[in-house]
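Reading through the structure tokens given below for one structure.
In the working numbering, the protein residues as written are 16 to 256.
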């Protein structure tokens, strides 16, 4: 809207000029329709018409001024509204910029957190793999120990079995030795008994068949060597000088 404050006088002058022209045109029309004798009667009407036109001009000017003030107030109100809207828009833009900055910051922080979480999960996965590897190694070691223990148990049982068998063998050998000793003792006893019997028989036979060459001489003796078999048969008989 164009303000009329600067061109107010020119505008009013133009209006007055137009009104004057209208009045002149009206007067010309009246002069052309009346006689000269009627001229004195129309003079007051001309003055009245001019006064009426000035009041209209004032009213129009007042209306124009009121309209201008109204438009000015409306313009001022519009400007204020525009300023408020602009301020609201700036505040909204700042809030949106702040929100976007916060969102960007939050996204950056979220990205950092996600990266850290991914690194943490990667570390956990690596540690899990290490733990799993240690478990597998421990399982293999335990299995090896079990195998060694089984082998040791088998070896222990084998040694115990060998010891038991050795004890049995030793006990059997001892029993056999004892039986052999008893048999040998019995044999020796029988042999001694048989020997004593055979010796007594031989001695009796020798004494019975002994012829003393020197009856007057006492303390004579002879020594015989006799070899017998198990059945008592004489294998060898000889005298010892």
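The beta-carbon is built from N, C-alpha and C at its ideal position, and this holds for glycine as well.
For residue 207, the residue or residues it bridges with in DSSP: DSSP output for residue 207 lists no bridge partner at all.
Is the beta carbon of residue 32 closer than 8 angstroms to that of residue 72? no
From residue 86 to residue 109, what distance separates their C-alpha atoms? 33 angstroms
CA nearest to the CA of residue 244, picked from 213, 226, 225: 213
Extent of the continuous beta strand (DSSP E) to which residue 238 belongs: 238-243
Quick check: the Cα distance between residue 142 and residue 133, rounded to an integer number of angstroms? Looking at the two C-alpha atoms, the distance is approximately 14 angstroms.
Taking just the CA atoms, how far does residue 117 sit from residue 81? 51 angstroms
Based on DSSP bridge pairs, tell me the residues matched to residue 252. DSSP output for residue 252 lists 241 as bridge partner(s).
Does DSSP classify residue 224 as helix, strand or coil? coil
Take residue 210 as the anchor and find which of 96, 242, 129 has the nearest alpha-carbon. 242
Do you know how far the Cα of residue 238 is from the Cα of residue 193? Rounded to the nearest angstrom, the gap between the Cα atoms of residue 193 and residue 238 is 37 angstroms.
Rounding to the nearest angstrom, what Cα-Cα distance links residue 52 and residue 74 in this structure? Confidence is the limiting factor: at residue 52 the pLDDT is only 44, short of 50, which leaves the residue's position unreliable and the question unanswerable from this model.
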